[in-house]
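A short worksheet on the structure shown next.
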Amino acid sequence: MAKKKLNSLSDLGGFVFSTNNNEDFSAFADKDQKTPATTEQYLEAHFSNKGRGGKTVTIITGFQGSESNLKVLAKLLKTKCGVGGSTKDGEIIIQGNYRDKIMQILQKKGYHIKRVGG
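Quick note on numbering: the sequence shown equals residues 1321 to 1438 in this note's numbering.
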């Protein structure tokens, strides 16, 4: 297998090596975003089937907080509904039309949730 030739720094995929010992790399470190209390969260429940081959999904948007907390909430919803799903770009995607059930679950947890769309 032939090695790929690198023509520029962008071919490294964002990786840059530095020999400067005094460089401050703290600006590039991931900062964990604090998650507000559930009573301060305003979420939206959407229903969609666009771009998914006709499959219906429930999308929860508006979550503010860390990625790990988003994944914990997604796991809770997937478990309660007994379906699959994922997190992507700060959204929780649940397979199927479970919008009303998810809204009840989140309201019991203290979230403010709004039904959006048909």
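Note that CB positions come from ideal geometry on N, CA and C, so glycine has one too.
Quiz item: Would you say T1381 and L1396 are within 9 Å of each other, going by their C-beta atoms?
Solution: No; because the gap between Cβ atoms is not below 9 Å, this pair is not in contact.
Self-check item: Alpha-carbon to alpha-carbon, G1410 and L1390
Solution: Straight across, the Cα-Cα distance linking L1390 with G1410 is about 7 Å.
Exercise. Name the residue from Q1424, R1435 and P1356 whose alpha carbon lies nearest to the alpha carbon of S1386.
Key: Put simply, of Q1424, R1435 and P1356 the residue whose alpha carbon is nearest the alpha carbon of S1386 is P1356.
Quiz item: Straight-line CA distance for Q1415 to G1437?
Solution: Take the alpha-carbon of Q1415 and the one of G1437: they are about 17 Å apart.
Exercise. With DSSP collapsed to three states, give me the class of T1355.
Key: When secondary structure is reduced to three states using DSSP, T1355 falls in the coil class, being assigned neither helix nor strand.
Exercise. Could you pull the start and end residues of the beta strand (DSSP E) that T1381 belongs to?
Key: That run of the beta strand (DSSP E) goes V1377 to T1381.
Quiz item: Is the CB-CB distance between F1367 and N1327 below 9 Å?
Solution: Contact annotation: F1367 and N1327 have beta-carbon atoms that are not nearer than 9 Å.
Quiz item: Do A1365 and I1422 have their C-beta atoms within less than 9 Å of each other?
Solution: The answer is yes: Cβ separation under 9 Å.
Quiz item: Mind checking whether T1359 and G1405 have CB atoms under 9 Å apart?
Solution: Annotated as distal: T1359 and G1405, with beta-carbon spacing of 9 Å or more.
Quiz item: Is S1368 helix, strand or coil when you go by DSSP?
Solution: DSSP places S1368 in strand when its eight states are reduced to three.
Quiz item: From K1370, L1426 and N1341, pick the residue whose C-alpha is nearest to that of A1394; which is it?
Solution: Closest option to A1394, Cα to Cα, is L1426.
Quiz item: From K1400 to N1341, what distance separates their C-alpha atoms?
Solution: Between the alpha carbons of K1400 and N1341 lies a gap of roughly 50 Å.
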